[in-house]
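Read the structure below first, then the notes.
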Amino acid sequence: MLRNMRAEVHSLDGEWEFSFAGGPWRPIRVPGTWQAQTDVPRWSEGPGRYRRTVRVPSYWQGRRIELAFDAVSYHAEVLVNGQRVGDHQGMWTPFAFDVTDALQLGHSNLIEVVVTAPGLPAESRFPMRQALAGFIPDVSLPFGGIWQGVRLVAHRGCAVDDLHVQADLHSGKVAVQASIRAPAGLSPQAQALLTLRAPNGSIAALNRLPVRSDRLDATLAIDHPLAWSPEHPALYSAELVIEDTPGDPLLQVTRRFGFRELARQGEHVLLNGVPVSLRGALHWGWYPDALCPAPDAATVRDEFARLRALGFNLVKLCLFVPSQTYYKVADEEGMLLWQEFPLWLPEITPDLRRRAPDEYRAIMALVAPHPSVVLVSLGCELGRDVDAEFVQSLDDAVRGSAAGMLLCDNSGSGEAY
Numbered sequence: 146m147l148r149n150m151r152a153e154v155h156s157l158d159g160e161w162e163f164s165f166a167g168g169p170w171r172p173i174r175v176p177g178t179w180q181a182q183t184d185v186p187r188w189s190e191g192p193g194r195y196r197r198t199v200r201v202p203s204y205w206q207g208r209r210i211e212l213a214f215d216a217v218s219y220h221a222e223v224l225v226n227g228q229r230v231g232d233h234q235g236m237w238t239p240f241a242f243d244v245t246d247a248l249q250l251g252h253s254n255l256i257e258v259v260v261t262a263p264g265l266p267a268e269s270r271f272p273m274r275q276a277l278a279g280f281i282p283d284v285s286l287p288f289g290g291i292w293q294g295v296r297l298v299a300h301r302g303c304a305v306d307d308l309h310v311q312a313d314l315h316s317g318k319v320a321v322q323a324s325i326r327a328p329a330g331l332s333p334q335a336q337a338l339l340t341l342r343a344p345n346g347s348i349a350a351l352n353r354l355p356v357r358s359d360r361l362d363a364t365l366a367i368d369h370p371l372a373w374s375p376e377h378p379a380l381y382s383a384e385l386v387i388e389d390t391p392g393d394p395l396l397q398v399t400r401r402f403g404f405r406e407l408a409r410q411g412e413h414v415l416l417n418g419v420p421v422s423l424r425g426a427l428h429w430g431w432y433p434d435a436l437c438p439a440p441d442a443a444t445v446r447d448e449f450a451r452l453r454a455l456g457f458n459l460v461k462l463c464l465f466v467p468s469q470t471y472y473k474v475a476d477e478e479g480m481l482l483w484q485e486f487p488l489w490l491p492e493i494t495p496d497l498r499r500r501a502p503d504e505y506r507a508i509m510a511l512v513a514p515h516p517s518v519v520l521v522s523l524g525c526e527l528g529r530d531v532d533a534e535f536v537q538s539l540d541d542a543v544r545g546s547a548a549g550m551l552l553c554d555n556s557g558s559g560e561a562y
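Quick note: the sequence shown uses the numbering used here, first residue 146, plus one each step.
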């Protein structure tokens, strides 16, 4: 998914039309689950069909236009003006399609999304035990729908595929890597301005770099960086700006990060060199009103306040991946997180072997930037039917992005509790 804060965004959150399994059309809110908003059978996998008409401005001519989704459960087939533009499988991760050629600029356009939820029966199109659906279906039900945000994004040319920030507490060095998509007509004078901002917003370091290729790789240093910790959750930010003409940024992206170090000394865990006792509460992602793990910021802050009052400093996200709001608030509030990947009682099929490592990489891309995440486990209560070769493929997908985290292949049995 391309990123650029200078791109023009048209949110598609709000009211859509919805038809379940060929039934009548009715209004529905996006984001949300169809189980929380309609009277259709709660355990049915669908499909549910969403549609919405949107007028696209004519001045978007010449721009690359993406249709971006933050998460859909579970399988989504996307059509624009009757033309299939792509499909996505996986309930936790974002995806986007280039819809530039499918849209009619200056006119109304019909966007349709056909969604199928995981099913309980083995003959379902997407059986739950093969779908990395985690534990939520066992707590409540396998929710379906466009449960996170959706939008049209018009890029003028520059965009970033990925922005990776790695901060070292001891040296103060911050390594920044970015994959840049720049237009062919970018002048040789184009420059990238990389700025690091302190928690109070002041400039802590900056550098100007030529834009010479599709990859930016730079290291800046900050004197006496503040450590991120539960007591003092100091958040810095890295801002990348690309200008072809001075004063007219083509691209602007930011990423928050923290200076923190997690280490082991014998049987002790050290956070920033100080022993820490991890006291965690188990979270199943259960929100009875929404029926999906997408709480607003106020709800998350209230959760953390109540947990702290009980003496907890960590939340284990048991077999689910919440919306990004959860991680962002944890970063701000200094609540530690244990991310457990949604693999539990799986049926290991050839298709799951093929898909799971890619989905794990996509989930890890959501998790890795957050200093609040200190523990990662690849699954829960994995038995002998989950063979070592499959677990190794998941470990390979995650380990390279798990710097500064404790990582284990399995959790949830006697060794964890």
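A virtual CB, placed ideally from N, CA and C, is assigned to each residue, including glycine. The model shown is predicted, which means the values in this text are computed figures rather than measured ones.
Less than 8 Å divides the Cβ of V154 from the Cβ of R296. Nearest neighbour of D476 by Cα position, chosen from H252, S382, A267 and R274, turns out to be S382. Here DSSP, grouped into helix, strand and coil, assigns Q228 to strand. Nearest to L157 by C-alpha distance, out of W429, P176 and G403, is P176. The straight-line gap separating the alpha-carbon atoms of Q336 and T364 is approximately 16 Å.
Going by beta carbons, S316 and A366 fall inside the 8 Å limit.
Exposure of A166 is indicated by the presence of fewer than 16 other C-beta atoms within 10 angstroms of its C-beta. Under DSSP, P333 forms no beta bridge with any residue. By the C-beta criterion, the region 390 to 400 is judged to be in contact with the region 287 to 305, since at least 3 inter-stretch pairs fall below 8 Å.
Counting the other CB atoms within 10 Å of its CB gives E448 a total of 16 or more, which places it among the buried residues. The C-beta distance from G290 to S218 rounds to 6 Å, short enough to meet the 8 Å contact threshold. Excluding its 5 nearest sequence neighbours in each direction, R187 has C-beta neighbours in its own chain below 8 Å: Q180 and L286, listed in chain order. Annotation: D246 is outside any beta strand (DSSP E) and is labelled neither H nor E by DSSP. Looking at the DSSP output, E211 shares a beta bridge with D243 and V298. Exclusion of the five residues before and after M236 leaves S218 and Y219 as the residues of its chain whose Cβ lies within less than 6 Å of its Cβ. In this structure, H309 and R208 do not form a Cβ contact; the two beta carbons are roughly 26 Å apart against a cut-off of 8 Å. Under the criterion of beta carbons closer than 8 Å, E485 and S522 qualify as touching, at roughly 5 Å. Taking one beta carbon from each stretch, the region 199 to 215 and the region 245 to 252 have 3 or more pairs nearer than 8 Å; the two touch. Rounded to whole angstroms, the Cβ separation of E526 and W489 is 6 Å, and the two are in contact under 8 Å. Pairing P266 with A276 gives a Cβ-Cβ distance that is not under 8 Å. Contact check for E504 and T238: beta-carbon distance about 6 Å, within the 8 Å limit, so the pair qualifies. Beta-bridge partners of Y471 (DSSP): none assigned.
N458 counts as buried, since no fewer than 16 other beta carbons sit within 10 angstroms of its beta carbon. Annotation: L416 to S546 spans about 19 Å, alpha carbon to alpha carbon.
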